[in-house]
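Peer 1: First the structure, which I've put down as structure tokens, then a few questions once you've had a look.
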Amino acid sequence: MTTTSPNVGQTFETVGVGTSASRKSLGRLIIIAGTLLFAAVLLFQVLYAAGVSASGFASWRPVFYAYFLWAASVVLGQILIRGEQGQRAAFVLPAVFFTVALVIFPTAFGLYLAFTDWNLSGSVGRRFNGFDNIVALWNDPFYWNALRNMVYYGLAVFFEYAIAFGLAVLLNADIKAQRFFRIVFLLPFMLSPVAVSWMVGKSIMENRFGPAARLARLLGWDNPAFFTDPWIARLSIEVMDAWVFIPLIMILLLAGLQALPKDLLEAARVDGASPWQTFWRITFPLMLPVSITAILIRIIFKLKLADIVINVTSGGPGGATDTVSSFIYREYRDRSNVGYGTALAEFYLIAIVIFITIALLVTTRWVSRYSTARAVDRV
Amino acid sequence: MRIDVYQRLMAVQASRRKFLGGAAATAASVAALGSTGVLGTMSRALAQDSASLRAEILKIPGVGMGSPTDADWQKVGEMCLGPTKATVQEGEFAGVELTFMGLNNQNLHNFLFRGFLKPWEAYTGAKINWIDLAQADYNPRLQQSIATGTVDFDIIEMGAPFEGDTAGKGLLDEMPDWVKAQIDMDDYVNYLKAPVGTWDGKTYRITIDGDCHTFAYRTDYFGDGSISGMAAVPTTWDEVDAVSKAVKGQKDPLTGLDAYGFLDPLKGWGGFGFYFLEDRASAYVKHPDDKAWLFDPDTMKPRVNNPGWVQAIQDVMDLIAAGAYPPDQINADPGATGFQQFLAGTGSMLCWWGDIGSNARTSDTSVVGDVVGFSINPGAKKVYNAKAGAWEEPAEPNFAPNMAYLGWGVYVTNRVSGDEKKRKAAWSAAAHLGGKDISLWMAAYPSGFQPYRNSHFNYDEWETAGYDRAFIEDYLGSNADSYNHPNAAIEPRIPGIFQYYSVAEDELAKGFAGQYKSAQETADAIAAAWEKITDQIGRDSQVKLYKASLGM
Chain B
1 MTTTSPNVGQ TFETVGVGTS ASRKSLGRLI IIAGTLLFAA VLLFQVLYAA
51 GVSASGFASW RPVFYAYFLW AASVVLGQIL IRGEQGQRAA FVLPAVFFTV
101 ALVIFPTAFG LYLAFTDWNL SGSVGRRFNG FDNIVALWND PFYWNALRNM
151 VYYGLAVFFE YAIAFGLAVL LNADIKAQRF FRIVFLLPFM LSPVAVSWMV
201 GKSIMENRFG PAARLARLLG WDNPAFFTDP WIARLSIEVM DAWVFIPLIM
251 ILLLAGLQAL PKDLLEAARV DGASPWQTFW RITFPLMLPV SITAILIRII
301 FKLKLADIVI NVTSGGPGGA TDTVSSFIYR EYRDRSNVGY GTALAEFYLI
351 AIVIFITIAL LVTTRWVSRY STARAVDRV
Chain V
380 MRIDVYQRLM AVQASRRKFL GGAAATAASV AALGSTGVLG TMSRALAQDS
430 ASLRAEILKI PGVGMGSPTD ADWQKVGEMC LGPTKATVQE GEFAGVELTF
480 MGLNNQNLHN FLFRGFLKPW EAYTGAKINW IDLAQADYNP RLQQSIATGT
530 VDFDIIEMGA PFEGDTAGKG LLDEMPDWVK AQIDMDDYVN YLKAPVGTWD
580 GKTYRITIDG DCHTFAYRTD YFGDGSISGM AAVPTTWDEV DAVSKAVKGQ
630 KDPLTGLDAY GFLDPLKGWG GFGFYFLEDR ASAYVKHPDD KAWLFDPDTM
680 KPRVNNPGWV QAIQDVMDLI AAGAYPPDQI NADPGATGFQ QFLAGTGSML
730 CWWGDIGSNA RTSDTSVVGD VVGFSINPGA KKVYNAKAGA WEEPAEPNFA
780 PNMAYLGWGV YVTNRVSGDE KKRKAAWSAA AHLGGKDISL WMAAYPSGFQ
830 PYRNSHFNYD EWETAGYDRA FIEDYLGSNA DSYNHPNAAI EPRIPGIFQY
880 YSVAEDELAK GFAGQYKSAQ ETADAIAAAW EKITDQIGRD SQVKLYKASL
930 GM
């Protein structure tokens, strides 16, 4: 079904028909001019940066301006050449150019850097070093320690999911002040993890005067220390991170619960199913697709965990709370090891993409089988 | 200070400024003709005026009057504008914009500079834009600017260890002669004179700080009947460690909370945390006959895994095993250890920069002002001779104060070199911050900086300002004794020095958490990581620069 009136469509068509040969030529000319200008400026600066040419710009900013002009010329040219089709493209093209500039180009450039030896304090600049960084990564115990920690943090997502599901069910129930509680439970997600690091990690959990430490003493823990024992430190970091992000899972699950068909739940109640049976045999299976989406989104967030760790423990004690991102942060920032730091980041990105792809394939297949099995069960 | 008193002071200051302005043109003649006749009278008048100014600025806000505020910094900046007015006309820098990059530690550093420079901006007409950085962000920000050719600051607050990264790469502007005269560089303590601040014979640095670590201790932990059981303050590391174990389980005589001994900051701090292991290690490894103590100067082979360094690491591991540190010490930020632990009454001994001394009696958060003492860093009863490859046991303990960081300085970058007006403005602003009189105030009050001029050790000035004579002799004496120590451990000004420190922090953290089997294994891991960094930066150039920094 379409909501576009024929007249409106005709108007666009008229514009399309009106794309005369001269306008098309003008469009092509604009695109060619923009492209040539960008290519020339880029080549000019690349040759200068490579030391081939003696003249060039003081910075890469003119290249950016040329790129912007090129993008504008392509958009304008498309409109002139393709009429309505071009106008439609104009909605998408800016996003494409933006993504190319800020995602694709940096990723590709990063991939190049990953194969270089580039220490900012080095007596010589960037040097191609083949697979040296990958070999170093393979033999780097700090990196593998951080990866192992990511497994622990990743597994904790399932506990976060269980808590979030409980809260979502609670907030979906017919309780008093439902809206108030929904907002209250969402508040931690609105806080910056950096603020949480200081408010919770450095203040509430401060071992001398922090309220959490005082409470722990009241409960009989003589010298409460939340970041000294490796497992307690990991748990403390996990608690802070979970506190921030459980509301995200909760809100996704709550949306899923509210979209469940009410007739199924009522039928179950009429048939005499207990609340637990209703949850386990109807709500939970129906929520599986939403659950998997929520868990995967949360795992992606979890794999980026860095801010709380950097602020509270710097990865300690002895790397017990280190994450891949916080380790890369030290390697790149504190040690100015740009080539190796970038190699770590690119390797991690590829590993995440592979992991998420496999996880999606496996879970999709599993949900499909589970649903089929439940259907057969019901029959 | 009451407002009417302050206004009277400002009136005095105004007349002094007029006098200085008139005298400026003849200042060179005064120096040339000596102190005879009319010029001699003027010279004496200037000296008296300077003494009066120094006495007055030390009263702002006054010892025991709480932490200084921005208004105080501006007052001090205004009162110390004399040298600027002698070299710069009012409004001379109108339209000039400068960018200043520095730190925001403890709400000091750049915060002070802003206050000090506000009257300078009002007088000269220049405008300063500020880049504030946390301590841990400083090194990466600087390195990235250098490596990517995006130095976006005209003036930078920088430590001497970074001179290899900046001056060595031609990024700094050479100091004009008029600045050298204005800031009286001859007044610097000896270890901060050339080659520190210079590169290839050219001077680049206006010193505003003189860094070294000294030993701060609580006097109420020692003496007859004290909880440590020691009559005298420990002077060697084995005695320090014995105290740490002895006071475990007892109560602090000042706060009533649990008592603790020495506070080793055990957590990384963007590389700066390694200085605290150096405090212990320098006593064991800095041999009086050998200037080098971190690397072998001929090969850059790390010495960090020799028996002396291993002993220092072992000492810390033993204290961790004995439970001698406060809970969560392994996760305490070093800054918190100095300012939120020691000054707040947790722990009884600490090695730190001089600002513990200047804060002890002037900071609102300090409770130990009346029970704090100072000396040079503890020594060791044995010292490892790296050249001979053997321990030695000298008749007297081996002391080797750690000249950690060599102090902050203000440098001007070559961004201003092509514009004489901007260049003069940048150097004038830097010289204002590094002036002789303003430096006294920075040494006396919480500023992040410690004494660095011979004139800072005039105890009479401090006593007049309201400091207790015994306290100030103790505090300043520990600095002076460290600066002038014949076996001081001097930091090498080589590129990437903080990379070495940073990776050492990571390995030490593993060692302190028990992930390495021994102190030796921990030290070996640090040495291996340091070798990689040296190879990456360039061994030959590092050898050359390391030798140069040691004066070899």
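One line per chain: the protein sequences are B and V, in this order. Quick note on our numbering: the first sequence kicks off at 1 and runs consecutively. Quick note on our numbering: the second sequence kicks off at 380 and runs consecutively. No residue lacks a Cβ here, since even glycine has one placed at the ideal position from N, Cα and C. The structure displayed is predicted, hence computed values, not measured ones.
Would you please state the rounded distance, in angstroms, between the beta carbons of V:Ala883 and V:Phe653? I believe it to be under 8 angstroms.
Peer 2: 5 angstroms between Cβ atoms; contact.
Peer 1: Does the Cβ-Cβ distance between V:Trp731 and V:Ala898 come in under 9 angstroms?
Peer 2: Cβ distance not < 9 angstroms, so V:Trp731 and V:Ala898 don't count as in contact.
Peer 1: With 16 as the cutoff for other CB atoms within 10 Å, does V:Pro498 come out buried or exposed?
Peer 2: So V:Pro498 ends up on the buried side.
Peer 1: Could you tell me which chain V residues have their CB closer than 7 angstroms to the CB of B:Ser121, listed as they occur along the chain?
Peer 2: In chain order: Gln522, Asp544, Pro874, Gly875, Gln878 and Ile916.
Peer 1: Only counting the same chain, and skipping five residues up and downstream in sequence, which positions put a Cβ closer than 7 angstroms to that of V:Asp970?
Peer 2: Nothing can be reported for residue 970 of chain V, as the shown portion of chain V is limited to 380 through 931.
Peer 1: Which residues of the region 305-318 of chain B have a Cβ closer than 8 angstroms to any Cβ of chain V? Give them in chain order.
Peer 2: Taking 8 angstroms as the Cβ-Cβ cut-off against chain V, the residues of the region 305-318 of chain B that qualify are Val312, Thr313, Ser314, Gly315, Gly316, Pro317 and Gly318.
Peer 1: Closer than 8 angstroms, Cβ to Cβ, to anything on chain V: give me those residues from the region 218-243 of chain B, in chain order.
Peer 2: Correct list: Asn223, Pro224, Ala225, Phe226, Phe227, Thr228, Pro230 and Ala233.
Peer 1: Apart from the five residues just before and just after B:Asn337, which ones in its own chain have a Cβ nearer than 6 angstroms to its Cβ?
Peer 2: Same-chain partners within the cutoff: Asn119 and Glu331.
Peer 1: Could you work out which residue in V:Gly788, V:Gln468, V:Asn710 and V:Ala779 is closest to V:Thr614 when comparing CA atoms only?
Peer 2: Cα-wise, what sits closest to V:Thr614 is V:Ala779.
Peer 1: What is the rounded straight-line gap between the Cα of B:Leu296 and the Cα of V:Gly635?
Peer 2: Their Cα atoms are separated by approximately 51 angstroms.
Peer 1: For V:Leu729, count the other beta carbons within 10 Å of its own beta carbon; 16 or more makes it buried, fewer makes it exposed. Which is it?
Peer 2: When all chains shown are included, V:Leu729 counts as buried.
Peer 1: Would you say B:Phe227 and B:Thr321 are within 9 angstroms of each other, going by their C-beta atoms?
Peer 2: Going by C-beta atoms, B:Phe227 is nearer than 9 angstroms to B:Thr321.
Peer 1: So, using beta-carbon positions, are B:Gly122 and V:Gly875 closer together than 9 angstroms?
Peer 2: Their beta carbons are under 9 angstroms apart, which means B:Gly122 touches V:Gly875 by this criterion.
Peer 1: By Cβ distance, which residues of its chain are closer than 6 angstroms to B:Gly318, with the 5 residues on each side in sequence left out?
Peer 2: Nothing meets the Cβ criterion.
Peer 1: Using only CA atoms, which one of V:Pro706, V:Lys646 and V:Pro686 lies nearest to B:Gly210?
Peer 2: Ranking V:Pro706, V:Lys646 and V:Pro686 by Cα distance to B:Gly210 puts V:Pro706 first.
Peer 1: Can you name the residues of chain V whose CB is closer than 7 angstroms to the CB of B:Asp410?
Peer 2: No information on residue 410 of chain B is available, as it lies outside the stretch 1 to 379 that chain B covers here.
Peer 1: Give me whichever residues DSSP pairs with V:Leu729 in a beta bridge.
Peer 2: Answer is V:Ala595, bridged to V:Leu729.
Peer 1: Quick check on this structure: which residue in V:Lys506, V:Asp449, V:Gly528 and V:Cys459 has the alpha carbon closest to the alpha carbon of V:Phe490?
Peer 2: Ranking V:Lys506, V:Asp449, V:Gly528 and V:Cys459 by Cα distance to V:Phe490 puts V:Asp449 first.
Peer 1: Residues of chain B with CB closer than 9 angstroms to the CB of V:Gly647, please, in chain order.
Peer 2: The answer, in chain order, is Ser314, Gly315, Gly316, Arg330 and Asp334.
Peer 1: With 9 angstroms as the limit, tell me which residues of the region 163-189 of chain B have their beta carbon closer than that to any beta carbon of chain V; keep them in chain order.
Peer 2: Per Cβ criterion, the list is empty.
Peer 1: Under the three-state reduction of DSSP, which class applies to V:Pro776: helix, strand or coil?
Peer 2: V:Pro776 falls in the coil class under three-state DSSP.
Peer 1: Exposed or buried, what is V:Asp533 when buried is set at 16 or more other beta-carbons lying within 10 Å of its beta-carbon?
Peer 2: Answer is buried; the Cβ neighbour count reaches 16.
Peer 1: By DSSP, does V:Ser446 sit in helix, in strand, or in coil?
Peer 2: Residue state, collapsed to three classes: coil.
Peer 1: Give me the Cβ distance between V:Ser737 and V:Ala822, rounded to the nearest whole Å; I'm assuming they're in contact under 8 angstroms.
Peer 2: V:Ser737 to V:Ala822, Cβ: 7 angstroms. Contact.
Peer 1: If contacts are defined as beta-carbon pairs under 8 angstroms, then V:Leu482 and V:His488 qualify, I think. What distance do you get, rounded to the angstrom?
Peer 2: The pair is a contact, with the Cβ atoms about 4 angstroms apart (cut-off 8 angstroms).
Peer 1: What did DSSP end up calling V:Pro681 once you bin it into helix, strand or coil?
Peer 2: Strand at V:Pro681.
Peer 1: Taking C-beta to C-beta, are V:Pro519 and B:Arg126 nearer than 9 angstroms?
Peer 2: Against a cut-off of 9 angstroms, the Cβ pair of B:Arg126 and V:Pro519 comes out as no contact.
Peer 1: How far does the alpha helix (DSSP H) with V:Ala515 in it reach, from first residue to last?
Peer 2: Per DSSP, V:Ala515 belongs to the alpha helix (DSSP H) from Gln514 to Ala526.
Peer 1: When DSSP labels each residue in this structure, what does B:Phe128 get in the three-state scheme?
Peer 2: Residue state, collapsed to three classes: strand.
Peer 1: Which same chain residues end up closer than 6 angstroms to V:Asp342 when comparing Cβ atoms and leaving out the 5 residues on each side of it in sequence?
Peer 2: The question about residue 342 of chain V has no answer, for chain V in this structure spans 380 to 931.
Peer 1: Which value, in whole angstroms, describes the spacing of the CA atoms of V:Phe828 and V:Asp588?
Peer 2: C-alpha separation (whole angstroms): 5 angstroms.
Peer 1: For V:Trp452, does the count of other Cβ atoms within 10 angstroms reach 16, so buried, or fall short, so exposed?
Peer 2: Looking at its Cβ environment, which holds 16 or more other Cβ atoms inside 10 Å, V:Trp452 is buried.
Peer 1: Checking contacts by CB at 9 angstroms: is V:Gln894 closer than that to chain B?
Peer 2: So, interface residue.
Peer 1: Rank V:Glu772, V:Asp544, V:Arg832 and V:Gly724 by C-alpha distance to the C-alpha of V:Pro632 and give the top, closest one.
Peer 2: Looking at the Cα atoms, V:Gly724 is the closest of the given residues.
Peer 1: Say whether chain V places a C-beta atom closer than 9 angstroms to the C-beta of B:Gly77.
Peer 2: Not an interface residue.
Peer 1: Any C-beta of chain V sitting closer than 9 angstroms to the C-beta of B:Met1?
Peer 2: With a pLDDT of only 39 at B:Met1, under 50, the local geometry of the prediction cannot be trusted, and the value read off the model is given with reservation. Chain V contact via Cβ: absent.
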